[in-house]
Amino acid sequence: MPRGKRLGGPELVEQLNAVVAQLIKENRKLKRQVENLTEKATSRASGTVDRSLRAIQKRAQLALGAPVRKRRGRAAAKRTTARKKTA
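If you're matching positions, the sequence shown starts at 1 in our numbering and goes up one per residue.
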């Protein structure tokens, strides 16, 4: 949603209703995905199921505005610690 003119009264309520409806729709879709992946996970252990569940969790956290931890790769971590300081 681009920021611009502040909405008031009925326009604001209409926009909030649309956003809530969209979140409910996304929530239903995510619940179905979690149920399907949970069924697959109980039948067999799978790395792809774990990755898919983590991806859904990240999307949900982003939608809720929760901060998502970013992981640095090993190469990036080694590069920053291996640098020598020059005088």
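Even for Gly, the Cβ is constructed at its ideal location relative to N, Cα and C.
Computed from a predicted model, the values in this text were never measured in an experiment.
To the nearest angstrom, how far is the alpha carbon of E39 from that of E14? What you label residue 39 is simply residue 39 of the sequence shown in a count that begins at 1. What you label residue 14 is simply residue 14 of the sequence shown in a count that begins at 1. The C-alpha of E39 lies about 38 Å from the C-alpha of E14.
Anticipated Cβ contact below 8 Å, V20 with I56, distance rounded: Stepping through the sequence shown from its first residue, residue 20 is reached at position 20. Stepping through the sequence shown from its first residue, residue 56 is reached at position 56. With a contact defined as Cβ atoms closer than 8 Å, V20 and I56 miss out at about 20 Å.
Kindly indicate which residue of E26, G8 and L7 has the alpha-carbon position closest to the one of L62. Within the sequence shown, the letter at position 62 stands for residue 62. Relative to L62, the option among E26, G8 and L7 whose CA is nearest is E26.
Tell me whether K5 sits in a helix, a strand or coil according to DSSP, three-state version. Locating residue 5 in the sequence shown gives position 5, counting from the first residue. Correct three-state label for K5: coil.
Take the Cβ of L37 as the centre, count every other Cβ of all protein chains shown within 10 Å, and call the residue buried at 16 or more, exposed below. For the purposes of this step, residue 37 is identified with residue 37 of the sequence shown, where counting begins at 1. Flag for L37 reads buried.
Flag this pair as yes or no: are the beta carbons of V49 and A41 separated by less than 8 Å? Numbered from 1 along the sequence shown, position 49 holds the residue referred to as residue 49. Numbered from 1 along the sequence shown, position 41 holds the residue referred to as residue 41. The beta carbons of V49 and A41 sit closer together than 8 Å.
Run of the alpha helix (DSSP H) containing G65, from where it starts to where it stops: Position 65 of the sequence shown, counting from 1, holds the residue named residue 65. Neither: G65 is in no alpha helix (DSSP H) and is coded neither H nor E.
Kindly indicate which residue of L7, G8, G9 and L53 has the alpha-carbon position closest to the one of R32. Looking up residue 32 in the sequence shown gives position 32. Distances from the CA of R32 to each of L7, G8, G9 and L53 were compared; the closest alpha carbon is that of L53.
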